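A.B. asks: Keeping their order, the protein sequence lines are chains U and S.
Each residue of the first sequence is one higher than the one before, starting from 1 at the first, in the numbering used here.
Each residue of the second sequence is one higher than the one before, starting from 1001 at the first, in the numbering used here.
Backbone N, C-alpha and C define an ideal beta-carbon position, used for all residues, glycine too.
The structure displayed is predicted, hence computed values, not measured ones.
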Amino acid sequence: NAGVTQTPKFQVLKTGQSMTLQCAQDMNHNSMYWYRQDPGMGLRLIYYSASEGTTDKGEVPNGYNVSRLNKREFSLRLESAAPSQTSVYFCASSEVDRNQPQHFGDGTRLSIL
Amino acid sequence: SQQGEEDPQALSIQEGENATMNCSYKTSINNLQWYRQNSGRGLVHLILIRSNEREKHSGRLRVTLDTSKKSSSLLITASRAADTASYFCATTLWSYIPTFGRGTSLIVHP
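1. Using DSSP bridges, identify the partner residues of alanine 1078 of chain S.
2. Comparing the C-beta of valine 1108 of chain S with each C-beta of chain U, is any distance below 9 Å?
3. Could you check how far apart the C-beta atoms of valine 12 of chain U and alanine 92 of chain U are, in whole angstroms? I think they sit under 8 Å.
4. Where do the ends of the beta strand (DSSP E) carrying histidine 29 of chain U lie?
5. Taking CB distances under 9 Å as the criterion, tell me whether leucine 110 of chain U reaches chain S.
6. Whether or not the segment 75–87 of chain U and the segment 51–60 of chain U are in contact is what I'm after, with contact meaning three or more pairs of Cβ atoms, one per stretch, closer than 8 Å; do they touch?
7. Does any C-beta atom of chain U lie closer than 9 Å to the C-beta of isoleucine 1097 of chain S?
8. Could you tell me the distance, in whole angstroms, from the CA atom of glutamine 102 of chain U to the CA atom of serine 94 of chain U?
9. Taking isoleucine 1049 of chain S and leucine 1061 of chain S to be in contact with their CB atoms under 8 Å, please state how far apart those CB atoms are, rounded to whole angstroms.
10. Kindly identify the DSSP beta-bridge partner or partners of arginine 44 of chain U.
11. If you drop the 5 nearest sequence neighbours on each side, which residues of the same chain put their C-beta closer than 8 Å to that of asparagine 1018 of chain S?
The following block contains the structure:
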């Protein structure tokens, strides 16, 4: 099984450019998430979607937008990239259940110059 | 904001030794989970321990939970070079969304 697939794996942008990070899961999970991981900061939740058609802000939503395209796909968009958004971005999925684990993709490494 | 804090931040041991890392948290929890992250990869779930459990085992992994001290430990016995990774604890309370700590970086030397 593919699990959670993220594209692209690497991207370099210039300040002010826009881009969309794609995520798809094949585990029929209801809930999907976007995190960013910065050195020494652990994982910080950007946005999440508990089900198709719903999205909610996490800890650090500013500068990002999301779309839950269908049950499988959850995209993250940077409208006007800033150097502070240089990070590794992880998508995850899970059941809506406190006792079920999250399943992660392998990340998108994004550099903004 | 992080709920769990792992300790130590970094750990370096020889193959065959045991590795112990700890997680302290601030509020009550429903469960605590441990994840592993290999370099350049996403997090992989290792084990979940519920607040009414004190110890769980999975292969060479042993997790303990002390709710009175608000702490958990992850013990990896007979470490292998392949155990080199970062290890994160994550806690849940009312929400199904876990809050992750900053992680412990483990290096196992062959």
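C.D. replies: So, from the data block:
1. Walking along the second sequence from the start, residue 1078 of chain S turns up at place 78. Answer is none; alanine 1078 of chain S lacks a bridge partner.
2. Locating residue 1108 of chain S in the second sequence gives position 108, counting from the first residue. It does not; no Cβ of chain U falls within 9 Å.
3. Here residue 12 of chain U refers to the residue found at position 12 when the first sequence is read from its first residue. Here residue 92 of chain U refers to the residue found at position 92 when the first sequence is read from its first residue. Wrong, their Cβ atoms sit about 24 Å apart, outside the cutoff.
4. As a position in the first sequence, residue 29 of chain U is number 29, starting the count at 1. Note, histidine 29 of chain U: premise wrong, no beta strand (DSSP E); not H, not E.
5. Here residue 110 of chain U corresponds to residue number 110 of the first sequence, with the count starting at 1. Closer than 9 Å: no.
6. no
7. To locate residue 1097 of chain S, count along the second sequence from 1; it is residue 97. Yes, isoleucine 1097 of chain S counts as interfacial toward chain U.
8. In the first sequence, residue 102 of chain U corresponds to position 102, counting from 1. In the first sequence, residue 94 of chain U corresponds to position 94, counting from 1. One C-alpha to the other measures close to 5 Å.
9. Looking up residue 1049 of chain S in the second sequence gives position 49. Looking up residue 1061 of chain S in the second sequence gives position 61. Rounded, the Cβ-Cβ distance is 11 Å, inconsistent with contact.
10. In the first sequence, residue 44 of chain U corresponds to position 44, counting from 1. In the DSSP output, where bridge partners are listed per residue, arginine 44 of chain U has U:Arg36.
11. Position 18 of the second sequence, counting from 1, holds the residue named residue 1018 of chain S. The answer, listed in chain order, is Leu1075, Ile1076, Thr1077, Ala1078, Ser1079.
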